[in-house]
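In the working numbering, the protein residues as written are 1419 to 1984.
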């Protein structure tokens, strides 16, 4: 079948569009998808053609976009369902609730749990025999779930009459039993809300002035956030952050704070249907279906908890056409993977709630300046100690390109620069071999003596083919775990990025350098940053620089054409 032609846009350079292969899941309604390691797992739903509920599990390898149907014993398959939930815990996919069909072909809602082990690729028996029936959550569909440590939290959802269920249930995943059931006074469901499971430390620091106060008789479990948008004609956006604690006798306390006012600004996202919410450092990334009479697209927005501003991740091109309905976040690579059908119709897919997995689009978030900001390697006190040591005694020097010297301690370099230890060992081995060669002049009576290994390199100077400022910035980082502000110039940072690639063990420095280059990128230096990013394989930085270069070139052409016609 011929592919629908897609108009290329500036943002298409940040997208990778793939046709998936293998046993691709059929078009389905109300399924769930999760990611574990390098695989996407899709379960259940209602077949869009036959209308039958499914209990199939599919797996896609992200490295080659190949789908496999995971066949399990028929007797162990869970109840077919749709609009259930799925989440991940300890290499297991945890399913809860949803809508099923009884023997009379009548719909009913479930509150059962199902567990799929991705190692054995089989379904497991799950549930405690001594379960307190008063703590089992009400059957529901379209609900929200989150895992904190070894606890599963189930929020809201709806019953078969579409009434919202204002409660939260907590499951102890180790004991395999429900341990808490309490009120949650919000109308939340997957149609207009979702859970931000990974509330990073950077987010928590930016959202509130001080960390949560935990009573002495309680244990802090973790933090969950829920983003909701509703009333699409006049959109209301809400953000609830909940701190969860537990007492020694097993009582849970959920302390909720409302940060909805923080989401207001000059530029804000529209109402999104079936939103998904992810964290990228201090950014809350939301994606979902945007439908109006004039526009239909799968769109992305990001809220910075640091600047308190929204940013439209303006991904045009391919996502403005076709039907895109599902996405997952790849935290290790800071990408979003969105599934759909390039030849589909989004309005029709939305009206039927139909998902497709024949095409996949990978979005590079870093190309839009959205990425986890690296943390300093040491505390403020650690940096101060490092600066004090820099002004203290040294036992070696780094010789720079200008033949200047940067004093330092070999122990610090050995401890914090993995490559330096190898340099020392190479020098020591060379000295050892040279020493033994000279001993041969004295005959076998001397060469056969048990000499100990030479540990000293015989030199106090290490030559590095970089400028004095670059070498000074590098040594400062090794001592203090960050890049000193006076060294944060594009020239020095680009050289440091090249150093990181040529010398192993400097991954943390590489993240800092890349972050500062993002901060410093302008029209004047973007060419240098692009070239360095291309040489060092920093794809996100390279793509962002390329987007800026193309945008600048477009502006110049527009200005030139306007001048010619005036």
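For each residue, glycine too, the CB sits at the ideal point set by N, CA and C.
Computed from a predicted structure; not experimentally measured.
Report task. Helix, strand or coil for residue 1908, going by three-state DSSP, please let me know. Result -> helix
Query raised in the report: With contact counted as at least three CB pairs below 8 Å, one residue from each stretch, are the region 1708 to 1727 and the region 1677 to 1687 in contact?
Result: yes
**Report entry** Endpoints, the beta strand (DSSP E) within which residue 1475 is located
**Finding:** 1475 to 1479
Report task. Check whether the Cβ atoms of residue 1512 and residue 1562 lie closer than 8 Å to each other. Result -> no
Query raised in the report: Taking C-beta to C-beta, are residue 1931 and residue 1918 nearer than 8 Å?
Result: yes
Query - Segments assigned beta strand (DSSP E), at least 3 residues, entirely inside the region 1656 to 1707 - result: 1670 to 1676, 1691 to 1698
Query - Assigned exposure category for residue 1645 - 16 Cβ within 10 Å defines buried - result: buried
**Report entry** Runs of alpha helix (DSSP H) wholly within the region 1746 to 1772 (minimum 4 residues, chain order)
**Finding:** 1764 to 1770
Query raised in the report: By DSSP, does residue 1801 sit in helix, in strand, or in coil?
Result: helix
Query - residue 2065 versus 1585, 1598, 1516, 1525, residue with shortest Cα-Cα distance - result: With the chain running from 1419 to 1984 in the structure shown, residue 2065 is simply not present.
**Report entry** Sequence-distant residues of the same chain with beta carbon closer than 6 Å to residue 1869, five excluded per side
**Finding:** With a pLDDT of only 41 at residue 1869, under the threshold of 50, the placement of this residue in the model should not be trusted; the figure read from the coordinates follows. Once the five neighbours on either side are set aside, residue 1869 has no close Cβ partner at all.
Query raised in the report: Is the distance from the Cβ of residue 1460 to the Cβ of residue 1484 below 8 Å?
Result: no
Query raised in the report: Any idea which residues DSSP pairs residue 1606 with across the strands?
Result: Residue 1606 pairs with nothing; no bridge assigned.
**Report entry** Which listed residue (1636, 1689, 1785) has its alpha carbon closest to that of residue 1672
**Finding:** 1636
Requested in this report: Would you mind giving the Cβ-Cβ distance between residue 1691 and residue 1559, rounded to the nearest angstrom? I have them listed as a contact below 8 Å.
Outcome: Contact doesn't hold; Cβ gap of about 16 Å is too wide.
Query raised in the report: Should residue 1970 go down as buried or exposed, given a rule of 16 or more other Cβ atoms within 10 Å for buried?
Result: exposed
Query raised in the report: Under three-state DSSP, which class holds residue 1550?
Result: coil
Requested in this report: Can you have a look at residue 1446 and say buried or exposed, based on whether 16 or more other CB atoms are within 10 angstroms of its CB?
Outcome: buried
Query raised in the report: Quick one: what's residue 1601 bridged to in DSSP?
Result: 1585
Query - Residues near residue 1929 in its chain [Cβ-Cβ closer than 8 Å; skip 5 each side] - result: 1792
Query - DSSP bridge partner residues for residue 1440 (one or two, in chain order) - result: 1485
Query raised in the report: How is the beta strand (DSSP E) around residue 1518 delimited, first residue to last?
Result: 1510 to 1519
Query raised in the report: Using a Cβ-Cβ cut-off of 7 Å (strictly less than) and excluding sequence neighbours within five positions of residue 1753, which residues of its own chain qualify?
Result: 1780, 1781, 1782, 1783
Query raised in the report: DSSP beta-bridge partners for residue 1718?
Result: 1705, 1731
Query - Of the residues 1733, 1687, 1713, the one placed nearest residue 1727, counting alpha carbons only - result: 1687
Query - Given residue 1965 as reference, the closest of 1926, 1825, 1787 once Cα atoms are compared - result: 1787
Query raised in the report: residue 1725: which of 1708, 1700, 1833 sits nearest, CA to CA?
Result: 1700
Report task. Apply the 10 Å Cβ neighbour rule to residue 1631 and answer buried if 16 or more other Cβ atoms are within range, or exposed otherwise. Result -> exposed
Requested in this report: In angstroms with no decimal places, state the Cα-to-Cα distance between residue 1838 and residue 1809.
Outcome: 21 Å
Query raised in the report: Less than 8 Å separating the beta-carbons of residue 1453 and residue 1566?
Result: no
Requested in this report: Note the first and the last residue of the continuous beta strand (DSSP E) segment covering residue 1880.
Outcome: 1879 to 1881
Requested in this report: For residue 1661, count neighbouring C-beta atoms within 10 Å of its own C-beta (all shown protein chains included) and say buried if the count is 16 or more, exposed if not.
Outcome: buried
Query raised in the report: Okay, do the region 1493 to 1513 and the region 1526 to 1544 touch, 3+ Cβ pairs below 8 Å being the bar?
Result: yes
Query - Where residue 1988 falls: helix, strand or coil (DSSP) - result: Outside the shown range of the chain (1419 to 1984) lies residue 1988, about which nothing can therefore be said.
Requested in this report: Identify the continuous alpha helix (DSSP H) that holds residue 1378 and give its terminal residues.
Outcome: Since the first residue shown for the chain is 1419 and the last is 1984, residue 1378 is missing from the structure and cannot be characterised.
Query - Where residue 1651 falls, given that 16 or more other Cβ within 10 Å makes a residue buried - result: exposed
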